[in-house]
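A.B. asks: Start counting the sequence shown at -13; every next residue gets the next number (our numbering).
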Amino acid sequence: MVDIENEYREQMDEELVQNLQNELQEHKDRLKDKEHQIDELMAERDEYKTAYAESAAAFPWFHRGEHQAIRQSLRKCLALHSSLMAKSLSSRTG
């Protein structure tokens, strides 16, 4: 009877160890997946940083906020042009 109990305990211990090893492997796999996701996100972040730096180098005025002043100047020029075109057309027809 003692042999059967010992054998049963050994079997249960082996199953417990196997289950724990399986769980540990699952955790390791999930950790690897998370590390891979982090690596992908870091690479993507680096791409965005590079693109932003290239954009800032190509268009420094935009990154300094000067684009708003340029946009306002363009609007004024377009308004003046429209006004002059309207005057020109009215003087020709009038």
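We put the CB at the ideal spot given by N, CA and C, even for glycine.
Pick out the complete alpha helix (DSSP H) segments inside the region 39 to 69, 4 residues or longer, and give them in chain order.
C.D. replies: Runs found: 46 to 49.
A.B. asks: Given a cut-off of 8 angstroms, decide if H49 and A42 are closer than it, judged by their beta-carbon atoms.
C.D. replies: By 1-based counting over the sequence shown, the position of residue 42 is 56. By 1-based counting over the sequence shown, the position of residue 49 is 63. Their beta carbons are under 8 angstroms apart, which means A42 touches H49 by this criterion.
A.B. asks: Please classify M(-13): does DSSP put it in a helix, a strand, or coil?
C.D. replies: By 1-based counting over the sequence shown, the position of residue -13 is 1. Three-state result, M(-13): coil.
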